[in-house]
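First to last, the sequence lines map onto chains B and Y. For what it's worth, our numbering labels the leading residue of the first sequence as 476, then goes sequentially. For what it's worth, our numbering labels the leading residue of the second sequence as 476, then goes sequentially.
Number of protein chains: 2
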Amino acid sequence: MEFKAVVVDVDGTITFADRRLDCRAVEALRSLHVPVVIATGNVLCVARTVAKLLGTGGIVIAENGGVVEYGRVESDTSHMKECEEAFELLKRHFVLERLDPENRITEIGLRRNFDVERAKELLMEFPGIEIVDTGFAVHIKSRRINKGTGLKRVAELMGLDARDFVAIGDSPNDIEMLKASGFGVAVGNAHPELKRVARMVTMGEYGAGVAEAVGELRERGEIR
Amino acid sequence: MEFKAVVVDVDGTITFADRRLDCRAVEALRSLHVPVVIATGNVLCVARTVAKLLGTGGIVIAENGGVVEYGRVESDTSHMKECEEAFELLKRHFVLERLDPENRITEIGLRRNFDVERAKELLMEFPGIEIVDTGFAVHIKSRRINKGTGLKRVAELMGLDARDFVAIGDSPNDIEMLKASGFGVAVGNAHPELKRVARMVTMGEYGAGVAEAVGELRERGEIR
């Protein structure tokens with residue numbers, strides 16, 4: 476099968492663990508002759524900047540799927556009230572630092588300085604809400620929104636199917652995206668849970684893993 | 476003289492003309508053992524993202540000096556009312572597209588799709604306001620704020636003098652920054668007006684120019 480597009484996570488996939496961009500990923504993605512979509516848990520402004528710096532064009536998935544941009548911006552803020560209520564509850568138990576409060580509109584991002592497992596227990600009473608630790612930030616988000624739903628929407632807008640995509644990631648918040656895609660890649664440094672759902676686990680870590688996946692798929696004639 | 480820091484423009488200096496990041500600049504800046512400050516006409520969120528991806532740390536100058544971040548954010552919004560009035564006047568003559576209206580707080584950014592020279596004439600009645608075309612966007616901004624004033628403020632916050640900095644840029648909005656610095660570098664693709672105020676004009680363009688300047692200053696023992 477020849478895949479028609481690539482969707483790729485940012486932190487820990489095209490960046491090193493300290494969030495510095497890995498130029499090996501940049502070169503690999505630029506070598507592709509199919510559209511590349513950026514998918515991140517970060518806010519739209521960050522996603523757009525990454526896309527611009529990579530030169531991948533303006534198709535992005537931000538806020539773990541809550542925000543999608545293809546020509547125009549679509550955002551699903553319908554779960555924000557529940558997220559805020561969950562946040563209020565957690566605030567009673569932890570000192571929390573909210574990330575990008577002005578720019579994050581569909582979920583709540585928190586610094587990773589509290590007991591996430593305990594927080595998950597506390598949020599049992601919010602069935603629609605989940606708490607996800609990407610290794611870079613903790614997200615209080617709707618269970619109905621994720622990078623997989625974001626990928627499906629972007630694919631639809633592009634006139635493609637999510638199965639036409641190769642998806643590359645490193646973290647548990649990439650699981651639904653890899654599952655929705657036609658071919659899931661976990662970079663070498665990926666979380667074990669993501670490696671379990673991936674069709675390919677690269678030897679290389681970070682950008683080297685991205686380059687390895689692109690090279691191997693090209694060799695097989697599965698991507699241009 | 477040994478310089479203690481570097482301040483570098485983004486678009487057209489560490490990126491190509493199409494705004495794609497030039498990895499030659501990334502590697503050169505990462506090779507430095509002194510602080511690197513990002514200085515851009517773009518908004519804070521973009522400046523922060525670039526700094527994070529480069530791994531230069533969190534010292535940034537955004538909105539052409541209107542916003543400065545070093546630990547905390549400082550912004551000078553005192554000229555925004557005049558900028559808005561100037562914008563209203565221009566709107567009577569041109570169809571204008573405002574950039575980042577939610578995020579740009581100290582000046583007004585516009586798409587480059589109108590007659591800037593004619594706009595400059597129209598704004599004669601606003602003595603405190605200038606209109607600057609960076610080649611990437613047009614800025615309606617205070618004459619009292621520029622990347623030079625931003626550099627002086629950042630230097631002060633860092634316990635340095637602007638003269639301790641090497642400044643690298645490509646565009647007319649970098650003129651004051653190069654002048655305020657101890658050593659101004661214009662990359663090979665720079666605007667002739669910037670080349671006139673630079674101490675060094677590189678042969679290389681974009682990131683190759685940045686790498687050339689860093690290499691040459693290091694060879695002379697003027698930067699670590």
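The beta carbon of each residue, even a glycine, is placed where N, CA and C say it ideally should be.
Secondary structure of residue i, DSSP reduced to three states
| i | result |
| --- | --- |
| A522 (chain Y) | helix |
| K616 (chain Y) | strand |
| A503 (chain B) | helix |
| E691 (chain Y) | helix |
| A492 (chain B) | coil |
| E605 (chain B) | strand |
Distance between beta carbons of residue j and residue i, contact taken as under 8 Å
| i | j | result |
| --- | --- | --- |
| R586 (chain Y) | E572 (chain Y) | 4 Å |
| H504 (chain B) | V511 (chain B) | Per the sequence shown, residue 504 (chain B) should be read as Leu rather than His. Their Cβ separation, rounded to whole angstroms, is 5 Å, which keeps L504 (chain B) and V511 (chain B) in contact under 8 Å. |
| D497 (chain Y) | G682 (chain Y) | 3 Å |
| I698 (chain Y) | V641 (chain Y) | 6 Å |
| G679 (chain Y) | E691 (chain Y) | Not quite, the Cβ-Cβ distance comes to about 10 Å (not below 8 Å), so this is no contact. |
| D639 (chain B) | F478 (chain B) | 6 Å |
| V521 (chain B) | V481 (chain B) | About 19 Å separates the two Cβ atoms, so there is no contact after all. |
| I580 (chain B) | T552 (chain B) | 6 Å |
Pick from the options that is closest to residue i, judged by C-alpha positions
| i | options | result |
| --- | --- | --- |
| T488 (chain Y) | Y:L692, Y:V676 and Y:E697 | Y:V676 |
| V483 (chain B) | B:A526, B:E477, B:M476 and B:K616 | B:A526 |
| K616 (chain B) | B:V591, B:F589 and B:G584 | B:G584 |
| A451 (chain Y) | Y:E538, Y:R671 and Y:T490 | A question about residue 451 (chain Y) goes unanswered here, because the residues of chain Y that appear run from 476 up to 699. |
| N588 (chain Y) | Y:T524, Y:E600 and Y:V613 | Y:V613 |
| V685 (chain Y) | Y:F569, Y:L507 and Y:M476 | Y:L507 |
| V618 (chain B) | B:M599, B:F569 and B:L564 | According to the sequence displayed, residue 618 (chain B) carries Arg and not Val. Ranking B:M599, B:F569 and B:L564 by Cα distance to R618 (chain B) puts B:M599 first. |
| R529 (chain B) | B:G610, B:T552, B:E502 and B:I536 | A quick correction: the sequence has Leu, not Arg, at residue 529 (chain B). Considering only alpha carbons, the answer is B:E502. |
| R593 (chain B) | B:E577, B:H568 and B:T581 | B:H568 |
| L565 (chain Y) | Y:F601, Y:R547 and Y:E538 | Y:F601 |
| V591 (chain B) | B:V689, B:G610 and B:R674 | B:G610 |
| V672 (chain B) | B:G533, B:R693 and B:D649 | B:D649 |
| D493 (chain Y) | B:A492, B:D493 and B:T524 | B:T524 |
| I536 (chain Y) | Y:R628, Y:I604, Y:L574 and Y:P576 | Y:R628 |
| G532 (chain B) | Y:R495, Y:M476, Y:R547 and Y:G532 | Y:R495 |
| V548 (chain Y) | Y:E563, Y:H554 and Y:E538 | Y:E538 |
| R674 (chain B) | B:E577, B:E694 and B:F658 | B:F658 |
| H554 (chain Y) | Y:E563, Y:I604, Y:V660 and Y:V689 | Y:I604 |
| D608 (chain Y) | Y:E577, Y:S550, Y:E668 and Y:N578 | Y:E668 |
| S550 (chain B) | B:N578, B:G696 and B:E694 | B:N578 |
Heavy atom of the ligand SAH within 6 Å of residue i beta-carbon
| i | result |
| --- | --- |
| S617 (chain Y) | For the ligand SAH, the structure offers nothing, since it holds no ligand at all. |
Task: beta strand (DSSP E) segments (min. 3 residues) lying fully within the segment 626–684 of chain B - done: 640–644 and 658–661
TODO: Report the residue ranges of all alpha helix (DSSP H) runs contained in full by the segment 507–595 of chain B; include only those spanning at least 4 residues, in chain order.
DONE: Runs of the alpha helix (DSSP H) inside the segment 507–595 of chain B: 519–529 and 555–566.
- [ ] Decide if the segment 555–571 of chain B is in contact with the segment 499–517 of chain B; the criterion is three or more beta carbon pairs, one per stretch, under 8 Å apart.
- [x] no
Task: Three CB pairs or more closer than 8 Å across the segment 662–679 of chain B and the segment 634–654 of chain B - done: yes
Open item on the list: Check whether the segment 538–546 of chain Y and the segment 623–637 of chain Y touch, using three or more Cβ-Cβ pairs below 8 Å as the test.
Closed with: Verdict: yes, contact present.
Task: Sufficient close CB pairs (3 or more, under 8 Å) joining the segment 620–628 of chain B to the segment 648–655 of chain B - done: yes
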